[in-house]
Amino acid sequence: VDLRAAAAPKPAAPAAAAAPEIDSSEMPYGDLEPFGREDTAQELTESSIHESDAMVDQLERAEVAEEKRAVFRALTRLRGAAITSYDGIARAQTGNIDEYARKSNWRKQHPVQHLAKEEADTARWAFPSDADF
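1235 is the number that my numbering gives the last residue of the sequence shown; the numbers go up by one with no jumps.
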């Protein structure tokens, strides 16, 4: 209870707006003593504010965690799709190389003149018929 407010004189209410006085003994539980102190009420209010702030902070942390989870999941799926696509491209390219290798033979298209075959005819190159001896 604020003692300053109790000690200050109360302004007189206008006569027209005066509410009829109610006898507190006629109301249920009107004879009970006041409950609690003002400092206890202030502590409870401050505690309630602190707990409410903590709940809001926890909700925000939970929302951030959910956003991170959703982004991670989406990026993981995107990565999987990219890897699958790349693997498909790599398989197709490898298949193209294998098909080309089966169909074409470089040596058949570009005959190699082996030196050993050319040198096998020793009569021609070692002892030419038009040589000056």
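For every residue, glycine included, the Cβ atom is placed at its ideal position computed from N, Cα and C.
Check	Outcome
With H, G and I counted as helix, E and B as strand and the rest as coil, what does DSSP make of ALA1218?	helix
Write down every uninterrupted run of the alpha helix (DSSP H) in the stretch 1183–1208 whose length is 4 residues or greater and which is fully enclosed by it, in chain order.	none
Give me the Cα-Cα distance between TYR1188 and ASN1198, rounded to the nearest whole angstrom.	15 Å
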